[in-house]
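Data block below; observations after.
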Amino acid sequence: MVDYRGHQYFLYSVVIFMTFLGLFGNLNLILLHVRRPILRNKYGCLLTLLTTFQTYCVLSESVNVAFGIATMTSSYQIKRDFCYNFIFPDIFCNCVQTILITALSIDFLFCILFPIRHRNLSNGPYLSMILSIALIYASYIIILGYVGTDDAIIKLCNPPTALPPQVATLWYRVAFIAALATSFAYVMSFSLIYFKAKAKTRPTTMQVEKKAMRSISVLLIVFILTRVSTTLIINFLRFINSSQEIITLVQDYNVIFAMLLYSQNAYVCFIRSAEYRRMFLEQILPMTSCFCPCWSENIKTYTTNNSRPVLKPVLRYWNR
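Counting from 1, position 312 in the sequence shown corresponds to residue 311 in this note's numbering; the numbering is continuous, with no gaps.
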């Protein structure tokens, strides 16, 4: 028998910390895209949609923590059907963000392969088609989960344990296929930009290509660590018919990597793009001036010294 209490203390502490971290980054990224019209290209709109659904997933983890604390401080037992009825919106948003992550990487590859066709596509129908696919898949999983749920006792209330085992298996398989497709799209994008950079001799152009390659490298590494590895491990455990106790424990620890995935967009943009970094700092300047005036002065100095035209040319591949 696995003693879940020690694991629960650790997991809940990490989730609470990452909830605040994720909400700060995600809400700032969404607000930035709302306030800056220049960011509302296809990539920017997809990123905003993805971050919006992931923000709900981050918030929902606090509900899971509340369930867990109830089991630790009382004799309360979590039943799968009650948990499912309580967090099915979280499962829905999780399914949507799985498809949107893949769509984001494929959109980036499409933009590199067919830049003119990509630019000429109307944003409304294009984004509606992608979102429709994500919503259909999410609705399908929700219906299957509702039909197959039971009153079994579960240790933690989170999406994989709230779903019936058969539906959770399907959910993980789709997530793994989506993860492979995303990784393939990023690798192809990296390769295309690499060879394009080698074929060009202008230093300024090569510098832009190298920045794009470094950004893709970060996105790919983060995605492999947070999504590919976790879905691969769970699918492998299910394939070898590992005990449900072990699978449940691994699923519970996957929440750490899921929280990283839900929260990484804003921080990757901040670290890898000078333009995003400057706009982020300009946005949080009013907050820092209230709580920490010394930081405010440093941020103001940085944004003044690094003022430049937004998204030209560092994100020109996405500015369609």
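Even glycine gets a Cβ: it sits at the ideal position worked out from N, Cα and C.
- With respect to C268, Y261 sits apart: the two C-beta atoms are not nearer than 9 Å.
- Per DSSP, the unbroken alpha helix (DSSP H) holding P158 starts and ends at 158–161.
- According to the DSSP secondary-structure assignment, K78 is paired through a beta bridge with I152.
- Leaving aside the five residues that flank L179 on each side, the residues in its chain whose CB is nearer than 8 Å to its CB run, in chain order, V227.
- Listed in chain order, the non-local C-beta contacts of I29 below 8 Å within the same chain comprise T47, T50, T51, T54, local neighbours out to five positions each way being set aside.
- By the CB criterion at 9 Å, G147 and L126 fall outside the cutoff.
- In this model, L112 and L130 are separated by some 22 Å (Cα to Cα).
- Sequence-distant Cβ neighbours of K78 in its own chain, meaning closer than 8 Å and more than five residues away, are D150, A151, I152, I153.
- Taking a 10 Å sphere around the C-beta of Y8, we find fewer than 16 other C-beta atoms and assign the residue as exposed.
- Taking the C-beta atoms as reference points, V62 is found nearer than 9 Å to F85.
- For N234, the enclosing alpha helix (DSSP H) covers residues 228–238.
- Secondary structure in the segment 0–77: the alpha helix (DSSP H) runs of 4 residues or longer, each lying completely within the stretch, are 3–34, 41–72 in chain order.
- Between the segment 36–46 and the segment 244–255, the count of C-beta pairs closer than 8 Å stays below three; the two stretches do not touch.
- The beta carbon of C94 lies closer than 6 Å to those of Y136, A137, I140 in the same chain, with the five residues before and after it left out.
- Contact between the segment 102–119 and the segment 179–193 is present: 3 or more CB-CB pairs across the two stretches fall below 8 Å.
- With respect to N264, N25 sits close: the two C-beta atoms are nearer than 9 Å.
- With contacts defined by Cβ atoms closer than 9 Å, G21 and F87 do not form a contacting pair.
- Under the three-state reduction of DSSP, S121 is assigned to coil, being neither helix nor strand.
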